[in-house]
Amino acid sequence: MPHINNDVKRDFKDVLLRPKRSTLQSQSEVDLTRSFPFRNSKWMYTGVPIIAANMYPVGTFEMLCKCAFGGYNLHINQ
Numbered sequence: 001m002p003h004i005n006n007d008v009k010r011d012f013k014d015v016l017l018r019p020k021r022s023t024l025q026s027q028s029e030v031d032l033t034r035s036f037p038f039r040n041s042k043w044m045y046t047g048v049p050i051i052a053a054n055m056y057p058v059g060t061f062e063m064l065c066k067c068a069f070g071g072y073n074l075h076i077n078q
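Residues in the sequence shown are numbered from 1 upward in steps of one, following the numbering used here.
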């Protein structure tokens, strides 16, 4: 017998993201740069981590092309 799931489903329009309070006076003061050490070497990556989620609105090939032309490192799992 099939199981019918009656749980409430959420979508992008159902979620409100509220920013935290900040002591910054301007958006130009924001620094998104992070440093990540590699576990098995002495190398350190410093940059802005951008991850495109694997969701229908953002995980498209159009977004892939725009990120590629922006100079981002891209990793695609098929």
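Glycine included, every Cβ here is placed at the ideal spot set by N, Cα and C.
In the displayed model, F36 falls within a strand according to three-state DSSP. Annotation for M44: the continuous beta strand (DSSP E) segment containing it runs 44-47.
Between S22 and E29, the alpha-carbon positions lie close to 11 Å from each other. The three-state secondary structure of M1, taken from DSSP, is coil.
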